[in-house]
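In order, the protein sequences belong to chains V and W.
Throughout the first sequence, residue numbering follows the numbering used here, covering 101 to 675 in sequence.
Throughout the second sequence, residue numbering follows the numbering used here, covering 101 to 675 in sequence.
The C-beta atom is built at its ideal place from N, Cα and C for all residues, glycine as well.
For clarity, every value in this text was computed on a predicted model and none was experimentally measured.
First comes the structure, then the notes that go with it.
There are 2 protein chains.
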Amino acid sequence: MSRILRINTRTKEFRFEEPGIYSGLGGRALTSRLVNNEVPGDCHPLSADNKLVWATGLLANSGAANSGRLSCGAKSPLTKGIKESNSGGQFAQVMPRLDLLAIVFEDKPENGSEFSLVEIYSDKVIFKDAADIVGKDNYAAHEDLKKIYGDKAVTALAGPAGEKCLTASTIQFSDPHKNPARSAGRGGLGAVMGSKKIKAVILDPAAKGRGNPADPEKFKAARKRWTEILTGHPVTSEGLPAYGTSILVNIINEAGALPTKNFRYGRFDKVADISGEKIAEVIESRNGKTKEGCHTGCVIQCSQRYNDKDGNYVTSGFEYETVWGFGANCLVSDIDDIALMDRICDEKGVDTIEMGCTIGVAMDGGILPWGDSKGAIELLKKIGSDDPMGRIIGNGTDFAGQAFGVDRLPTVKGQSLPAYDPRSVKGVGVTYATTPMGGDHTAGYAVATNILKVGGDVDPLSREGQIELSKNLQIATAAIDSLGLCLFVAFAVLDTEDAVQCICDMVSANHGIEFTANDFIALGVDTLKNELEFNVKAGFTKKDDQLPRFFSKEKLEPHNSVWDYTVEELQAAKV
Amino acid sequence: MSRILRINTRTKEFRFEEPGIYSGLGGRALTSRLVNNEVPGDCHPLSADNKLVWATGLLANSGAANSGRLSCGAKSPLTKGIKESNSGGQFAQVMPRLDLLAIVFEDKPENGSEFSLVEIYSDKVIFKDAADIVGKDNYAAHEDLKKIYGDKAVTALAGPAGEKCLTASTIQFSDPHKNPARSAGRGGLGAVMGSKKIKAVILDPAAKGRGNPADPEKFKAARKRWTEILTGHPVTSEGLPAYGTSILVNIINEAGALPTKNFRYGRFDKVADISGEKIAEVIESRNGKTKEGCHTGCVIQCSQRYNDKDGNYVTSGFEYETVWGFGANCLVSDIDDIALMDRICDEKGVDTIEMGCTIGVAMDGGILPWGDSKGAIELLKKIGSDDPMGRIIGNGTDFAGQAFGVDRLPTVKGQSLPAYDPRSVKGVGVTYATTPMGGDHTAGYAVATNILKVGGDVDPLSREGQIELSKNLQIATAAIDSLGLCLFVAFAVLDTEDAVQCICDMVSANHGIEFTANDFIALGVDTLKNELEFNVKAGFTKKDDQLPRFFSKEKLEPHNSVWDYTVEELQAAKV
């Protein structure tokens with residue numbers, strides 16, 4: 101098993117360690133265990149006591165399809181609880197080539213210190229002055245780094261938002277297409293990176309090679325079956341590659357669960373202008389690409405290359421949640437404006453879900469009119485500057501709500517809710533309320549079973565079965581995140597009898613251990629337990645496991661559904 | 101017993117009710133009981149579910165010295181817990197003349213509604229359009245109201261900050277000197293008033309008369325003794341009248357507990373420029389007044405009239421905490437600039453303690469240089485405007501900290517700490533940590549016994565005896581706040597054997613009941629229990645009963661003292 105690199109950002113010392121007590125862990129299991137072990141629950145997320153951990157999964161760089169996701173962990177400046185923020189990009193593919201399981205950034209420099217650029221090699225860490233790229237947007241900064249480190253430079257960046265320690269800040273990771281377009285988006289971890297005065301991290305450009313599985317034959321067989329599973333399921337082989345995640349725009353609107361006008365309605369009358377089908381049509385008409393992977397080894401290819409009217413690249417990783425957030429949620433139907441907002445968020449380094457809800461709240465507060473996409477673009481451009489409005493917007497929904505005197509705030513544990521109204525997809529509402537991550541769909545994506553009918557069929561409007569569904573999905577997701585697998589593999593896994601065994605075979609063969617389906621479940625359960633334990637130390641109680649009151653008080657059209665779970669009932673969704 | 105007036109701010113309906121289950125309660129006992137009974141713990145403080153309660157004490161308008169304080173209660177937009185914010189001014193003197201024990205503002209108007217001006221009579225409530233004074237600073241708005249309602253108009257105002265629902269907003273009450281200079285300062289209750297779209301409240305200008313005690317002879321005798329007690333103690337008869345509360349500047353600096361440069365040091369090298377003695381000298385040289393009461397019937401007279409160099413009125417109610425907050429805490433020594441900042445806070449309607457800490461945090465974040473009083477004045481002037489910087493500053497310390505990426509935040513439960521470093525006045529540190537109010541010195545002013553040696557002598561630097569001291573003071577304070585008495589009576593009460601009995605005699609004689617010293621204690625205990633119970637419903641846990649970590653990690657000069665209580669130990673300070 102490879103090593104943990106610890107970097108003291110104050111003294112600029114580093115050491116490579118054996119995993120020790122973190123042996124056998126990867127990805128989210130590792131970040132959450134380490135944060136729970138080593139970060140005081142009551143510390144300020146921007147203080148020297150917090151640690152920023154980046155960990156690869158147990159299948160990283162193994163050659164297994166879709167195994168290159170990176171887990172970023174810390175105490176979240178946004179939720180004030182534990183956070184695992186998951187990103188695509190090349191970083192987790194290359195770390196193992198430097199024999200790195202995880203990188204831990206500790207302590208913080210004195211007030212007034214300058215930003216550093218950190219080069220990481222297999223035997224050393226070099227701090228350099230980052231002055232040349234400080235204040236630059238992410239694409240420009242990445243261009244500069246490519247000039248120094250080569251076209252395929254594998255980088256992590258704190259954008260202008262992260263430099264300013266804004267709580268919606270992302271960490272942006274470079275993708276295989278030479279853009280810094282992949283985000284550890286949720287929970288404001290870019291602010292933790294910024295607080296430690298790290299502007300950029302670059303992995304040794306000379307790093308090479310693929311991992312050697314302990315049992316090459318067994319691994320090869322399992323890996324082959326794994327690819328078959330992913331390429332055999334309609335969601336992972338047809339829906340996602342064809343339309344990206346925005347295939348959901350029409351589906352969720354049809355289900356009456358597309359949050360519209362800051363969660364007032366379940367359907368958007370201009371949905372046709374922002375659908376996945378429409379986006380694919382626009383992309384094709386402009387010689388973009390409808391299929392692209394976020395890291396090498398991806399067989400799902402849900403990303404894309406969205407060009408403007410002149411055929412120039414605008415953005416990729418243009419997700420359903422982004423289209424919804426700046427679209428239906430803000431009554432915006434101009435898909436080019438929405439794509440531009442996605443790009444600006446990647447440039448400044450802010451989470452698009454948080455920003456979609458924040459702009460909706462700004463509209464609710466009369467800061468700009470509903471549907472004013474040009475005004476929204478101007479607001480987003482201010483992020484990362486000294487402009488106080490940029491500081492307000494870049495700190496997310498609850499913060500903007502306080503600044504603008506708005507009490508309709510679609511957040512749980514301080515984090516904005518994503519693109520599924522919990523009144524009409526109750527399973528995901530249970531996840532929003534109870535995951536240690538705060539408002540988050542990826543932590544237990546019950547939309548799959550509620551709406552897409554993957555892994556069973558649980559009526560999205562009924563109270564029945566949702567808590568058990570969410571709990572099981574939360575456990576499975578924590579395990580998948582720990583292996584470094586893309587969450588979208590879950591669609592195929594849920595519908596394929598031998599999928600979990602196939603995953604276990606890959607882990608076993610890769611590491612020369614016996615990893616069973618029970619171990620898979622235990623990995624998920626243990627990870628969640630670490631996260632819940634940290635949140636208790638951070639001061640969370642079951643009272644925090646609930647949706648905002650307006651979901652219980654206002655009926656959602658067209659189903660006239662309300663949120664109707666008590667806090668007591670919801671506790672059963674926690675491990 | 102007089103009536104409770106309930107006003108629905110959405111329907112503009114009102115009703116006068118008998119006190120019913122609130123019978124026998126007044127002031128803080130009433131506001132806290134009502135908020136705990138009627139406001140859902142998990143509601144948003146700016147939502148229709150919150151209620152704003154103004155209650156007079158059990159001795160209001162009785163003629164007893166210093167009995168005219170008003171308790172304002174609600175769920176706090178700043179702390180997100182229960183709040184009783186206590187104000188001087190004439191309001192609580194006049195409410196009883198309308199047979200009003202309390203006024204409760206309920207519900208809230210639809211989004212986009214205009215502000216109202218509310219006239220209150222003994223038999224009716226009239227809503228009027230407030231357009232003429234909306235957006236105006238408090239002194240100008242009050243001038244306008246005096247033109248309509250007479251020179252002695254008794255008003256309550258939400259300033260520009262309250263209109264914008266900023267969480268440091270005060271409610272400003274008019275004083276006997278025709279200025280809107282008295283604040284329900286702490287906890288952001290002006291934002292609750294603003295959320296309910298109430299710009300101003302005016303009490304019937306024709307209201308007259310003093311209450312008739314049930315037992316006039318007994319009351320008269322007790323009242324006489326009460327005045328003797330207050331006028332016989334050195335603090336209430338000499339120190340406070342001579343120098344106002346700023347007499348503490350030199351005393352607390354000498355004790356090494358004057359928080360300097362955002363709580364980095366315990367002494368300020370320019371203390372002589374901002375001392376109470378210096379202020380008195382300046383006031384006298386400019387034909388101001390060193391003695392003034394905040395409400396009729398005050399025999400302590402700790403307020404003043406501070407004029408500028410040309411002899412024009414600048415401010416009154418110019419407290420030690422304000423002088424400290426904008427002074428030592430921000431390394432500012434220009435007392436005229438500090439007085440102007442006090443005035444601007446009264447104009448915009450924001451809490452000076454919250455603002456002092458906020459400006460300190462802005463200086464820590466590099467927004468303006470340390471000691472830059474002119475820059476601070478410009479920042480404060482933005483509050484209440486559409487300028488986003490004004491929104492940031494007006495939302496207080498934690499908010500500004502998040503906006504500016506500063507993790508050194510001297511707050512407890514979201515509320516800024518006042519002018520006594522808890523490392524060197526440990527008794528008041530226990531109060532900061534454990535009072536249901538958040539960081540608040542008035543909730544259990546252990547400075548009295550730690551530093552002033554009133555009510556005993558407990559070493560301010562020792563761990564010994566502080567928890568018991570704070571607990572007892574918290575109980576006594578809750579009782580005093582429930583009677584409508586000025587907190588400063590406590591100096592005399594603590595040192596005078598028959599003082600509590602004298603208070604009980606006044607309450608008994610006033611209401612024709614048997615009110616004993618045990619009832620006095622029970623009133624305090626019950627009030628605190630209501631408050632703690634509400635906070636539990638609001639999601640607080642014992643983890644919230646602690647000071648920021650830097651107080652435990654950094655030694656404070658000159659005593660090299662640290663904060664050294666565990667959360668577990670601190671629980672003993674709660675009833």
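Buried or exposed by the 16-neighbour rule on C-beta atoms within 10 Å, applied to residue i
{"i": "V/N630", "result": "buried"}
{"i": "W/N684", "result": "Past the boundaries of the shown model lies residue 684 of chain W; chain W is included only from 101 to 675, so the question cannot be answered."}
{"i": "V/E597", "result": "exposed"}
{"i": "W/Q190", "result": "buried"}
{"i": "V/T396", "result": "exposed"}
{"i": "W/K247", "result": "exposed"}
{"i": "V/S187", "result": "buried"}
Closest Cα partner of residue i within the set the options
{"i": "V/T331", "options": "V/D595, V/D626 and V/T641", "result": "V/D595"}
{"i": "W/Y249", "options": "W/G262, W/Y221 and W/D207", "result": "W/Y221"}
{"i": "W/W470", "options": "W/A428, W/D498 and W/G173", "result": "W/A428"}
{"i": "V/S73", "options": "V/F650, V/G501, V/P560 and V/G494", "result": "Because chain V in this structure spans residues 101 to 675, residue 73 of chain V falls outside the shown range and cannot be described."}
{"i": "W/I621", "options": "W/Y406, W/G555, W/Q574 and W/G235", "result": "W/Q574"}
{"i": "W/L517", "options": "W/W424, W/S608, W/Q502 and W/E597", "result": "W/W424"}
{"i": "W/K324", "options": "W/R133, W/R508 and W/A609", "result": "W/A609"}
{"i": "W/P260", "options": "W/R128, W/V234, W/L245 and W/R282", "result": "W/V234"}
{"i": "W/K553", "options": "W/I580, W/L587 and W/F591", "result": "W/F591"}
{"i": "W/A256", "options": "W/G157, W/M195 and W/A314", "result": "W/M195"}
{"i": "W/T666", "options": "W/L201, W/I567 and W/I379", "result": "W/I567"}
{"i": "W/I383", "options": "W/V414, W/V349, W/N362 and W/E354", "result": "W/V414"}
{"i": "W/T641", "options": "W/D446, W/V600 and W/T534", "result": "W/T534"}
{"i": "V/T360", "options": "V/M606, V/D464 and V/R563", "result": "V/D464"}
{"i": "V/T422", "options": "V/V399, V/I400, V/V450 and V/G411", "result": "V/V450"}
Contacts around residue i, its chain only, beta-carbon distance under 6 angstroms, and the 5 residues preceding and following it disregarded
{"i": "W/K112", "result": "F227"}
{"i": "V/I347", "result": "G339 and G376"}
{"i": "V/A355", "result": "I551"}
{"i": "V/E210", "result": "none"}
The alpha helix (DSSP H) enclosing residue i, as first and last residue numbers
{"i": "V/R445", "result": "In the sequence on display, residue 445 of chain V carries Cys and not Arg. It spans I435 to K448 - the alpha helix (DSSP H) in which V/C445 sits, taken as one unbroken run."}
{"i": "W/K629", "result": "A617 to K637"}
{"i": "W/T534", "result": "K526 to T534"}
{"i": "W/I107", "result": "Careful: W/I107 lies outside any alpha helix (DSSP H), inside the beta strand (DSSP E) at R103 to N108."}
{"i": "W/L480", "result": "S473 to K481"}
{"i": "V/W424", "result": "Y420 to F426"}
{"i": "V/A230", "result": "Counting along the chain, V/A230 falls outside any alpha helix (DSSP H), and DSSP gives it neither H nor E."}
{"i": "V/F591", "result": "V589 to D595"}
Residue i Cβ short of 8 angstroms to the ligand ZN heavy atom set
{"i": "V/R197", "result": "With respect to the ligand ZN, the structure shown offers nothing to examine, as it has no ligands at all."}
Contacts around residue i, its chain only, beta-carbon distance under 8 angstroms, and the 5 residues preceding and following it disregarded
{"i": "V/K409", "result": "R386 and D436"}
{"i": "W/F426", "result": "V432, D437, I438, M441, D442, T452, M455, G456, I459, S473 and A476"}
{"i": "W/I467", "result": "L479 and F504"}
{"i": "W/V662", "result": "R523, F651, S652, K653, E654, K655 and L656"}
{"i": "V/D251", "result": "K278"}
Continuous beta strand (DSSP E) stretch holding residue i: start and end
{"i": "W/K320", "result": "Taken as a continuous stretch (DSSP letters only), W/K320 belongs to no beta strand (DSSP E), being part of the alpha helix (DSSP H) at P316 to G332."}
{"i": "W/C398", "result": "From DSSP, W/C398 is part of no beta strand (DSSP E); its letter is neither H nor E."}
{"i": "W/L201", "result": "L200 to E206"}
Residues near residue i in its chain [Cβ-Cβ closer than 7 angstroms; skip 5 each side]
{"i": "W/A230", "result": "F215, S216, L217, K299 and A300"}
{"i": "W/D369", "result": "none"}
Quiz item: Taking one C-beta from the region 304–320 of chain W and one from the region 272–280 of chain W each time, how about it: are there three or more such pairs within less than 8 angstroms?
Solution: no
Self-check item: Stretch-stretch touch, CB-based, cutoff 8 angstroms, three pairs: the region 172–179 of chain W with the region 144–155 of chain W
Solution: yes
Quiz item: Are the region 282–297 of chain V and the region 196–216 of chain V in contact at 8 angstroms, needing three or more beta carbon pairs?
Solution: Short answer: they touch.
Practice problem: Report yes or no: do the region 539–553 of chain V and the region 117–128 of chain V share at least 3 C-beta pairs separated by less than 8 angstroms? | Solution: Counting C-beta pairs closer than 8 angstroms gives fewer than three between the region 539–553 of chain V and the region 117–128 of chain V, which falls short of the contact rule.
Quiz item: Should the region 237–244 of chain W be called in touch with the region 278–291 of chain W, which here means at least 3 C-beta pairs below 8 angstroms?
Solution: yes
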